[in-house]
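In what follows, a structure is listed as structure tokens, so that the remarks can point back to it.
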Amino acid sequence: MSVVEFREHHLQAVGPSAEPVEGPAIGRLPAAETRVGIVVDAACDLPESFFGSPDIVVLPVSIQVGDTTYIDQHSPDSTLRYLREQDGGRGVTAVSTPQSVADMQSSFIERFALDYDSVYCLTITASRSQIHDNAMQASLQVLPHVRAARAAAGIQRPFQFRVIDTRNLFAAQGIPALALRDLLDAGPPSRDVRDRLYQTIDATYGYLVVDDLGYMRKRARLRGDRSVGLMTAMLGDAMDIKPIVRGRLGTTTPVGKFRGREEAWHRLLVFTAKHVQRGLVVPHVVVSYGGPTSDVADTSGYRKLATVCENEGVSLHLCPMSISGMVNMGTQALCVGFAAAEHSPDF
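Take numbering that gives the first Met the number 0: the final residue in the sequence shown is number 346, and no numbers are missing along the way.
Quick look at the structure:
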């Protein structure tokens with residue numbers, strides 16, 4: 000299997016006399032030209048303004064905590080409700096259920112078959128979720144229905160649907176999505192968009208500060224993962240140790256630990272500012288937090304990062320962590336995503 004086939008599932012429905020159409024920009028071209036949609040899943044952390052575009056679709060995740068159900072679809076009200084009701088580790092037994100293949104298929108047909116010619120579906124890393132596999136299956140099954148609907152409507156242009164594994168989590172998922180939006184706005188040929196998107200994915204790093212080791216241990220045990228031992232969690236909580244975990248290329252690895260939330264956050268945010276000064280692959284940094292974002296914005300580390308980003312022409316995006324992120328990492332977890340040259344975590 001080729002590298003491209005592993006990384007991306009790409010289907011194309013072509014009419015009898017159609018030629019491929021290149022160079023879309025989302026939400027700004029006439030209907031006769033190619034229109035492109037972007038699909039992300041609920042775990043992708045980005046500000047609400049990103050999801051306000053009519054060309055952005057979110058794949059929802061159902062979260063069950065006891066008898067209570069939350070639908071994670073980047074609704075600020077749902078996120079605040081989860082924080083209010085499940086803060087303090089009460090969501091540790093939550094069960095996450097991604098959208099089914101059948102529901103994805105129906106959503107793709109209804110949303111994209113007639114109004115769009117190209118769709119990019121960016122998912123959370125396939126190594127940690129069923130979402131990518133479900134999207135792959137749905138995209139395969141949707142093709143005949145899309146072809147029939149477009150033929151009945153007299154649409155001869157090709158239809159392309161790409162399912163792409165971002166190989167990262169939460170705030171770091173947001174970096175490829177922002178890069179893709181920028182690329183589509185610039186309007187290069189689709190092959191260039193794809194190649195540059197892959198370059199961004201390969202360069203994207205996610206750094207997470209875990210606030211509650213005991214919570215992480217309980218979540219890991221529910222998944223059958225015993226890598227976080229009882230003594231480690233107890234000692235960590237007793238000494239207020241905050242680990243930093245790095246996500247990259249489908250793997251997560253502990254890369255540092257500091258005593259106290261303030262110290263861990265400051266180290267990570269200043270570390271990020273240094274990489275902004277060195278130069279990023281794409282001019283975006285995403286910071287997501289499992290709590291009120293003012294907790295982050297008021298810190299000296301974040302203010303330094305904001306100043307550096309402004310000086311370097313980099314967009315800094317601060318947003319609430321998704322319910323999916325808080326379920327897996329715990330409330331008060333902090334995640335930072337950016338794309339940069341390969342580096343060591345020298346906090």
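Virtual Cβ for every residue (Gly too), placed ideally from N, Cα, C.
Predicted model, so just to flag it, every value in this text is computed and none were measured.
Item checked: Integer-rounded CB distance, given that Ile154 should sit under 8 Å from Leu113 -> Ile154 and Leu113 do touch by the CB rule: their CB atoms are close to 7 Å apart, below 8 Å.
Margin query: Given this structure, state the Cα-to-Cα distance separating Ile123 from Asp164, to the nearest angstrom.
Written below: 6 Å
Next item on the list: Please state whether DSSP places Ile108 in a helix, a strand or coil.
Entry: helix
Notebook entry, point to check: DSSP state of Gln136, grouped into three classes?
Noted result: Helix.
Check: Can you tell me whether DSSP reads Arg149 as helix, strand or coil?
Finding: helix
Next item on the list: Taking 8 Å as the threshold, find out whether the segment 321–336 comes into contact with the segment 30–45 through three or more Cβ pairs.
Entry: yes
Next item on the list: Determine the direct distance from the alpha carbon of Gln198 to that of Gln159, and round the result to whole angstroms.
Entry: 21 Å
Margin query: Counting beta carbon pairs with one atom in the segment 94–105 and one in the segment 59–75, are three or more of them shorter than 8 Å?
Written below: yes
Note to self: Give the list of continuous alpha helix (DSSP H) stretches no shorter than 4 residues that lie fully inside the segment 27–98.
What the structure shows: 47–50 and 75–85
Notebook entry, point to check: Would you call Ile116 buried or exposed, if buried means 16 or more other Cβ atoms sit within 10 Å of its Cβ?
Noted result: With the sequence shown as reference, residue 116 is identified as Asp, and Ile is not the correct amino acid for it. Asp116 comes out buried.
Checklist line | Reduced DSSP category for Ile163 - H, G, I as helix; E, B as strand; rest coil | finding: strand
Notebook entry, point to check: What residues match up with Ser117 in a beta bridge as DSSP calls it?
Noted result: Val35 and Gln159
Checklist line | Closest Cα partner of Ile243 within the set Val208, Arg156, Lys273 and Thr251 | finding: Val208
Next item on the list: Take Leu315 as the anchor and find which of His144, Gly173 and Gln140 has the nearest alpha-carbon.
Entry: Gly173
Note to self: Below 8 Å, how does it come out for the segment 304–321 and the segment 200–216: are there three or more Cβ pairs, yes or no?
What the structure shows: no
Checklist line | Cβ pair Gly255, Phe346 closer than 8 Å | finding: yes
Next item on the list: Could you name the residues of the same chain whose beta carbon sits closer than 8 Å to that of Phe257, not counting the 5 residues immediately before and after it, in chain order?
Entry: Ile240, Lys241, Ile243, Ala263, Arg266 and Phe346
Margin query: Please return the same chain residues whose Cβ sits closer than 6 Å to the Cβ of Val275, not counting the five positions on each side in sequence.
Written below: Val307, Cys308, Glu311 and Val313
Check: Who pairs with Val208 in a beta bridge, going by DSSP?
Finding: For Val208, DSSP records a beta bridge to Ile243 and Leu333.
Next item on the list: Measure from the alpha carbon of Gly88 to the alpha carbon of each residue in Val64, Thr271 and Phe337, then state which is nearest.
Entry: Looking at the Cα atoms, Val64 is the closest of the given residues.
Margin query: To the nearest angstrom, how far is the alpha carbon of Gly300 from that of Gln72?
Written below: 30 Å
Check: Exposed or buried, Arg218, counting other C-beta atoms within 10 Å across all chains shown (16 or more means buried)?
Finding: buried
Notebook entry, point to check: How would you call Leu177, buried or exposed, if buried means at least 16 neighbouring beta carbons within 10 angstroms?
Noted result: buried
Note to self: I'd like to know whether the C-beta atoms of Met135 and Val118 end up nearer to each other than 8 Å.
What the structure shows: With contacts defined by Cβ atoms closer than 8 Å, Met135 and Val118 do not form a contacting pair.
Item checked: Helix, strand or coil at Pro143 [DSSP, three-state] -> helix
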